[in-house]
Amino acid sequence: MKVLSVVLPAYNEELMVGKACRILSGILHNAGIAYQLVVVDDGSEDNTWVEIQKAGKKDKNIMGIHFSRNFGKESAVFAGLAQAAGDVVAVMDCDLQHPPQTLLEMYRLWEEGYEVIEGVKTSRGKESLLHKKSAGVFYDIMTKATGVNMQNASDFKMMDRKAVDAILSMPERNMFFRATSSWVGFKTASVEFEVQERTAGESKWSTWSLIKYAFTNIVAFTTLPLQFVTVGGAVCFLFSMILGIYSLVQYFTGHAVEGYTTILIVLLLIGSAVMMSLGIIGYYISRIYEEVKRRPRYIISKIVRGGEDISSQTNHDVR
Ligand code: UDP
Ligand code: MG
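Here the sequence shown is numbered in my numbering, starting from 1094 and rising by one per residue.
As structure tokens, this is what we get:
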């Protein structure tokens, strides 16, 4: 009998996590699919962990992982993948914005032999215009960097054990799950789904955290911004040649310009170009620094399965 593991990252989801477990158990049970739910409490400040334990007492197929603090969704997903025991593993949000019925569709595709099944959004749901535009720019960059169309990509996926193991074996700490799952390749299919509205609780993303998320993931996935630095340098050089020749001609024809304004502008321009370039390079260096520290991606404080604490039996492999 094949087992499906469903990884559910949860951060401050006390209102949703119990319901999500109930609905998923119901649907998978009715479909006759052997399943395991791996709920990862990403250091929630509310009663999420209590709710996960409660759900685990009712259903032996629910496993709960409790982080020592908030490590972010990517880490939560990774921890879930590392602990999932299934032959096939799905990842979905626990706020039910990813429709559970789609899971069945994905499972059928997996049975047909597909190894990575991507959930693709038909629409971006309810979002502000600014949010949509900036997300558009971010996904444009990511699409160019990965060569995979990321415009409507989501974190809703199902992956065969082979693909999961491939992802788990990657050494980098900073991983953009959405893109990495396509990067590993394998026989891929996609399933469209409509983003549901959140019925309770609130989105964890502030504009600022989204900007940070975008930068981190661009840097984690591509070195394209470093090429901007080179291109910027070349453009500046071209300008300086033109301006240099112009000034020399002026000088030798005896009309040396009163150059204060020009010099000031050029100086400021180059100064800011240099500083921005250093900033971009600095960002990469800071990422390299983060990676070479080899810190764990997350720290698990507790693991429960079927309401029982099994922390001591499980090796806290954080790779
Ligand atoms: N999440 C998480 N850690 C975080 C932020 C979010 O595990 O630091 C989880 C959250 O509980 C949810 C999923 O990631 O299951 C998506 O988060 P959210 O619904 O806030 O994002 P949105 O749907 O608005 O993009
Ligand atoms: Mg959501």
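Note that the Cβ used here is the ideal one computed from N, Cα and C, for glycine as well. Everything numeric in this text was worked out from a predicted model, so none of it was measured.
Neighbourhood of residue i by C-beta, 6 Å cutoff - its chain only, sequence neighbours within 5 removed
{"i": "D1253", "result": "V1181, E1208"}
{"i": "A1124", "result": "L1197"}
{"i": "S1247", "result": "G1212, K1214"}
{"i": "M1094", "result": "A1127"}
7 Å CB neighbourhood of residue i in its chain, flanking five on each side removed
{"i": "E1138", "result": "N1105"}
{"i": "D1188", "result": "E1106, M1109, R1291, G1294"}
{"i": "W1083", "result": "As shown, the chain starts at 1094 and ends at 1412. That puts residue 1083 outside it, with no answer to give."}
{"i": "G1179", "result": "V1096, L1097, S1098, Q1129"}
{"i": "T1236", "result": "N1242, M1243, Q1244"}
Closer than 7 Å: residue i CB and nearest ligand 2 heavy atom
{"i": "R1291", "result": "yes"}
{"i": "D1134", "result": "no"}
{"i": "D1186", "result": "yes"}
{"i": "S1340", "result": "no"}
{"i": "S1365", "result": "no"}
Neighbourhood of residue i by C-beta distance below 8 Å, restricted to the same chain and skipping five residues each side
{"i": "V1411", "result": "Any reading at V1411 is ruled out, since the residue's pLDDT is 47, under 50, leaving its predicted position unreliable."}
{"i": "P1192", "result": "F1286, E1287, Q1289"}
Endpoints, beta strand (DSSP E) assigned at residue i
{"i": "S1394", "result": "1393 to 1398"}
{"i": "V1209", "result": "1209 to 1214"}
{"i": "M1156", "result": "1155 to 1160"}
{"i": "A1183", "result": "1181 to 1184"}
Distance between beta carbons of residue j and residue i, contact taken as under 8 Å
{"i": "L1130", "j": "M1185", "result": "That pair is no contact at about 10 Å."}
{"i": "A1238", "j": "F1314", "result": "5 Å"}
{"i": "N1245", "j": "V1213", "result": "5 Å"}
{"i": "Y1200", "j": "L1362", "result": "That belief does not hold up - the Cβ atoms of Y1200 and L1362 are roughly 57 Å apart, past 8 Å."}
Distance cut-off 7 Å: residue i Cβ against heavy atoms of ligand 1
{"i": "Y1104", "result": "yes"}
{"i": "A1183", "result": "no"}
{"i": "W1142", "result": "no"}
{"i": "Q1176", "result": "no"}
{"i": "S1216", "result": "no"}
The alpha helix (DSSP H) enclosing residue i, as first and last residue numbers
{"i": "V1322", "result": "1317 to 1345"}
{"i": "D1103", "result": "The identity of residue 1103 in the sequence shown is Ala, whereas the question assumes Asp. Element bounds for A1103: not the alpha helix (DSSP H) but the beta strand (DSSP E), 1096 to 1103."}
TODO: Let me know the alpha helix (DSSP H) ranges lying completely inside the segment 1247 to 1280, each 4 residues or longer, listed in chain order.
DONE: Listed in chain order, the alpha helix (DSSP H) runs fully inside the segment 1247 to 1280 are 1254 to 1261, 1270 to 1276, counting runs of at least 4 residues.
Checklist entry - Which ranges would you report for the beta strand (DSSP E) in the segment 1108 to 1147 if only whole runs of at least 3 residues count? => result 1127 to 1134
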